[in-house]
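Engineer: Reminder that position 296 of the sequence shown reads as 300 in our numbering, one-by-one numbering, no gaps.
Where a beta carbon is used, it is the ideal one built from N, C-alpha and C, also for glycine.
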Amino acid sequence: MASQVLSKLAATSPDKTISIPTDGLPTNRTSSFSAYCVELHKLQMLKAKYAECKDELADLEEVMTCVAVCLGKDDSITNNFIKQEKEIARQSNAVEKGFKKHEGPFVQGLDTALQSFKVKRQQYFGGVFVGNHIHKVLKPSNISIMCSSMIQVAHEKCPTLVDTVSATAEKFTTVFSLLGRCHSIYDQLFIDELKVTELEHAISEFMESFRASFPSSSISLKMHLLEDHTVPWARRTGTGFGLLGEQGAESIHARFNTLQRTYQCIHNKVDRLLSIVKEHSLSISPRIVESIPPTNKRAKS
Numbered sequence: 005m006a007s008q009v010l011s012k013l014a015a016t017s018p019d020k021t022i023s024i025p026t027d028g029l030p031t032n033r034t035s036s037f038s039a040y041c042v043e044l045h046k047l048q049m050l051k052a053k054y055a056e057c058k059d060e061l062a063d064l065e066e067v068m069t070c071v072a073v074c075l076g077k078d079d080s081i082t083n084n085f086i087k088q089e090k091e092i093a094r095q096s097n098a099v100e101k102g103f104k105k106h107e108g109p110f111v112q113g114l115d116t117a118l119q120s121f122k123v124k125r126q127q128y129f130g131g132v133f134v135g136n137h138i139h140k141v142l143k144p145s146n147i148s149i150m151c152s153s154m155i156q157v158a159h160e161k162c163p164t165l166v167d168t169v170s171a172t173a174e175k176f177t178t179v180f181s182l183l184g185r186c187h188s189i190y191d192q193l194f195i196d197e198l199k200v201t202e203l204e205h206a207i208s209e210f211m212e213s214f215r216a217s218f219p220s221s222s223i224s225l226k227m228h229l230l231e232d233h234t235v236p237w238a239r240r241t242g243t244g245f246g247l248l249g250e251q252g253a254e255s256i257h258a259r260f261n262t263l264q265r266t267y268q269c270i271h272n273k274v275d276r277l278l279s280i281v282k283e284h285s286l287s288i289s290p291r292i293v294e295s296i297p298p299t300n301k302r303a304k305s
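#1: Under the rule that 16 or more other beta-carbon atoms within 10 Å means buried, what is V141, buried or exposed?
#2: CB C186 to CB F210, shorter than 7 Å?
#3: Nearest to V42 by alpha carbon, out of E56, V67, G108 and C151?
#4: For T299, name the three-state secondary structure that DSSP assigns.
#5: Determine the direct distance from the alpha carbon of F110 to that of E283, and round the result to whole angstroms.
#6: Is there contact here, the stretch 155-173 with the stretch 188-196, by at least three beta-carbon pairs under 8 Å?
#7: Candidates T299, E204 and T266: which alpha carbon is nearest L229's?
#8: Rounding to the nearest angstrom, what Cα-Cα distance links T241 and A52 in this structure?
#9: Assuming I149 and A117 are in contact, meaning their beta carbons sit under 8 Å apart, how far apart are those beta carbons, in whole angstroms?
#10: Please work out which residues of its chain come closer than 6 Å, Cβ to Cβ, to I280, disregarding the five sequence neighbours upstream and downstream, and give them in chain order.
#11: Count the other CB atoms, across all protein chains shown, that sit within 10 Å of the CB of K122; report buried if there are 16 or more and exposed otherwise.
#12: In three-state terms, what does DSSP make of P30?
#13: Keeping to the same chain, check which residues put their C-beta closer than 6 Å to that of R33; ignore five residues upstream and five downstream.
#14: Where in the stretch 222-262 do unbroken runs of the beta strand (DSSP E), each at least 3 residues long, occur, reported from the N-terminal end onward?
#15: For I207, count neighbouring Cβ atoms within 10 angstroms of its own Cβ and tell me buried if that reaches 16, exposed if not.
#16: K105 by DSSP, collapsed to three states: which one?
#17: For my contact list, I195 and T243 are in at a C-beta cut-off of 8 Å; report their separation, rounded to the angstrom.
#18: Please report the distance separating the alpha-carbon of F245 from that of G113.
#19: Check each candidate in H257, W237 and K143 and name the one with the smallest Cα separation from L248.
#20: Within a Cβ cutoff of 8 Å, which residues of the same chain sit near T177, ignoring the five residues on either side of it in sequence?
#21: Kindly list the residues whose CB is nearer than 6 Å to the CB of L182, restricted to its own chain and excluding five residues on each side of it in sequence; keep chain order.
#22: Does DSSP put F176 in a helix, in a strand, or in coil?
#23: So the candidates are E231, R239 and A62; which of them puts its Cα closest to the Cα of E197?
#24: Label S285 either buried or exposed according to how many other C-beta atoms from any shown protein chain fall within 10 Å of its C-beta, with 16 as the threshold for buried.
#25: Got a sec, what are the start and stop residues for the alpha helix (DSSP H) S152 sits in?
#26: Hey, how far is the Cα of A55 from the Cα of M49?
#27: Tell me which residues share the same chain as A158 and place their Cβ nearer than 6 Å to its Cβ, disregarding the 5 neighbours each side in the sequence.
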């Protein structure tokens with residue numbers, strides 16, 4: 005055991021340094037597709053180097069433990085390993101930041117297409133679509149804009165990729181169109197048995213097309229819910245997902261804030277809250293308003 009530790013110690017002597025070329029990080033947009041391909045190749049090399057750094061860092065941590073156990077405390081050896089560990093971590097972080105900044109021409113073209121119908125990926129949600137954006141993205145006209153933008157980028161940047169990109173765009177057009185059909189049905193407030201049957205066929209076609217187009221892709225949790233649980237739930241309750249949206253609940257915040265200011269003069273917090281809830285119930289339920297007897301106006305003296 006001690007010999008193995010010493011061998012590893014010799015392999016990671018202070019004279020040996022680990023270097024990662026970070027000058028090739030694609031932090032800015034490239035002016036041509038050929039330059040982009042060169043930067044992309046450099047990025048792949050950096051990713052491989054980054055993986056090596058992570059393995060080396062794990063090995064160093066293991067060796068430090070073994071040295072401390074077998075040879076006792078030695079400040080010079082410990083300081084050497086700590087120095088190597090910090091250098092590997094620093095350069096690994098530099099490479100990782102470069103990955104996050106990287107965007108190719110196809111991603112830029114897709115973002116431009118999305119912005120043409122006022123849809124923008126939300127950075128604080130991991131770059132996904134939120135709110136009303138899904139309704140816009142799944143419209144047939146917007147699906148065509150998104151997928152055709154990829155073909156346009158291929159024509160401009162690298163004509164040799166047009167056939168491959170066109171085939172990929174056709175797959176996405178089919179999958180998005182089938183998903184849009186599902187969305188138009190399950191997003192309704194109420195669904196009768198005829199609509200449930202239609203939804204069942206639409207989901208089946210969508211999942212079959214997705215698996216055929218992207219056989220290596222995994223099935224996400226939301227897709228599992230769509231495939232296995234949406235139809236039974238809609239058939240049992242007779243309602244769609246339109247009743248489950250959070251936008252309606254979020255809009256009540258502004259209403260309650262207004263009522264809070266109106267009833268601020270009531271010092272007892274429980275009485276104040278009851279008054280707010282009663283006022284809100286009256287404003288959203290016309291039947292309750294109709295059941296309230298009219299007030300008799302006093303005659304002017």
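Structural biologist: Based on what the coordinates show:
#1: buried
#2: Taking 7 Å as the Cβ cut-off, C186 and F210 qualify as a contacting pair.
#3: Nearest in C-alpha terms to V42, of all of E56, V67, G108 and C151, is G108.
#4: coil
#5: Approximately 53 Å between the Cα atoms of the pair.
#6: no
#7: E204
#8: One Cα belongs to T241, the other to A52, and the distance between them is close to 52 Å.
#9: 5 Å
#10: Contacts found: L263 and Y267.
#11: exposed
#12: Here P30 scores only 43 on pLDDT, less than 50, and its place in the model is too uncertain to base an answer on.
#13: Since pLDDT at R33 reaches only 44, below the 50 mark, its modelled position is unreliable, and no value is offered.
#14: none
#15: In the assembly as shown, I207 is a buried residue. Its beta-carbon has 16 or more other beta-carbons within 10 Å.
#16: With a pLDDT of only 47 at K105, under the threshold of 50, the placement of this residue in the model should not be trusted; the figure read from the coordinates follows. In the structure shown, K105 sits in a helix (DSSP, three-state: H, G or I).
#17: About 7 Å; that satisfies the 8 Å criterion.
#18: 32 Å
#19: It is W237 whose Cα lies nearest to the Cα of L248.
#20: I147, S148 and C151
#21: E209, F210 and S213
#22: DSSP places F176 within a helical segment (H, G or I) once states are collapsed to three.
#23: R239
#24: exposed
#25: For S152, the enclosing alpha helix (DSSP H) covers residues P144 to K161.
#26: 10 Å
#27: L165, V166 and V169
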